[in-house]
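Numbering (the working numbering), first residue to last: 171 to 580.
Cβ coordinates follow ideal geometry from the N, Cα and C atoms, glycine included.
These numbers come from a predicted model, not from an experiment.
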């Protein structure tokens, strides 16, 4: 087996990797398609913030239940079932756009359905990876999945920008529907041991167990608290303000925004290649430093949103983002018992996502009532400050690897 790809030795991981790759490839243009689908119906940043908020609120409401279900039932089956729901919700949105009957209230409802489905998928995916590979290959497995994700986001947003600008966002949505249709039978080939189950445990008891595991780890809840603020800034400044500037500023433009998102993917891609070979000795320390780099493209977006400079900044931020993403997943999978991992992950997701609806709404309001440049510069400073402040916590700064690895330390 080629060094760096040893995780592919397990057939279960190979099938899961293929299914995930399919959905990542076809879904790489989804964020751009949704954003400009809303702006096509109503060219108003507030309308976009309402739709994104609906997705996030539904995700928040159901994510804890998603964690409990993922620790009780076969995780591959949960993912398949949610893909069926996604096919129906995204297909309906595309049909409305094609027929010219799409409205913001209908898009809000369909976005909420998609958000609820995602609330069950994410904890299941977080819990399934340790079941498919060995502890020594956890970082490698996560980096391989991130490699596919970043590889497709290099070309996906560019294609999406061109497709949305020429044919319309509905076509990009149909591509994602096709991906889910292909991934469902592939996931059926993933063979997992039956879940341990919860015996006589109740839903509330399962939630309490997950909460006890979550709050007992300082490094965990401190980082999640930081991400409450950082994610609110990210979805607001990058997810709402970014597309709005792109659509209304000739210096950037819709196609230019696609190039910027793709450049972020290049940064992630380069870093995933490194992480497939070189293990992170201090996953949280390096990860939070990497997250602070996202302040660079936020600053550029506020000062001078020219495509080339903004793309370079996004590339740097993408590399930092991947250091955190892989490091965080490894820290979770190595330090939390597998039968509780989905529940603990759901608390992580709840804490990280809970303020995001407020972020989208606030930024939708701010860019119509304040200077956009100042808003973005302040946001960049606050983002970097939150990321770096976590390093003052000893368990974040000192955390090492739980498993023994045989490659050079980073």
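- Beyond the five residues adjoining it in sequence on each side, residue 193 comes within less than 6 Å, by CB distance, of 349 and 353 in the same chain, given in chain order.
- If you compare the alpha carbons of 207, 402, 487 and 467 with that of residue 439, the shortest gap goes to 487.
- In the same chain as residue 507, and ignoring 5 residues on each side of it, the C-beta atoms closer than 8 Å to its own belong to 383, in chain order.
- Within the region 263 to 331, the runs of alpha helix (DSSP H) that reach at least 4 residues and sit entirely inside it are, in chain order, 274 to 302.
- Cβ contact annotation for residue 177 (same chain, cutoff 7 Å, sequence separation greater than five): 183, 303, 307, 310, 311 and 314, in chain order.
- The beta-carbon distance between residue 392 and residue 563, rounded to whole angstroms, is 5 Å. This is short enough to meet the 8 Å contact definition.
- DSSP, reduced to helix, strand and coil, places residue 341 within a helical segment of the structure shown.
- Excluding sequence positions up to five before and after residue 321, its CB lies within less than 6 Å of the CB of 439, all in the same chain and listed in chain order.
- Bounds of any alpha helix (DSSP H) do not take in residue 464, whose DSSP letter is neither H nor E.
- In this structure, residue 344 lies near residue 264, with their beta-carbon atoms less than 9 Å apart.
- Residue 537: member of the alpha helix (DSSP H) spanning 526 to 539, first to last residue.
- Judged by DSSP in its simplified three-state form, residue 424 adopts helix.
- Inside the region 173 to 203, DSSP marks whole alpha helix (DSSP H) runs of 4 or more residues at positions 181 to 197, from first to last along the chain.
- For the 9 Å CB-CB criterion, residue 437 and residue 490 form a contact.
- Distance check between residue 395 and each of 555, 189, 253 and 288 places 555 closest, using alpha-carbon atoms only.
- Distance from the CA of residue 217 to the CA of residue 305, rounded to the nearest whole angstrom, comes to 45 Å.
- The three-state secondary structure of residue 418, taken from DSSP, is helix.
- One thing to note: residue 550 has its Cβ within 9 Å of the Cβ of residue 468.
- Judged by DSSP secondary structure, residue 400 falls within the alpha helix (DSSP H) whose first and last residues are 388 to 403.
- Shown here for residue 256: same chain residues with a beta carbon closer than 7 Å to its own, the five before and five after excluded, namely 284, 287 and 350 in chain order.
- DSSP places residue 506 in no alpha helix (DSSP H); its state is neither H nor E.
- DSSP places residue 568 in the uninterrupted alpha helix (DSSP H) bounded by 564 to 568.
- Of the residues 428, 571, 294 and 338, the one whose Cα lies closest to the Cα of residue 362 is 294.
- Taking C-beta atoms under 8 Å as the contact rule, residue 492 and residue 441 qualify, at a distance of about 4 Å.
- Residue 238 places its beta carbon less than 9 Å from that of residue 373.
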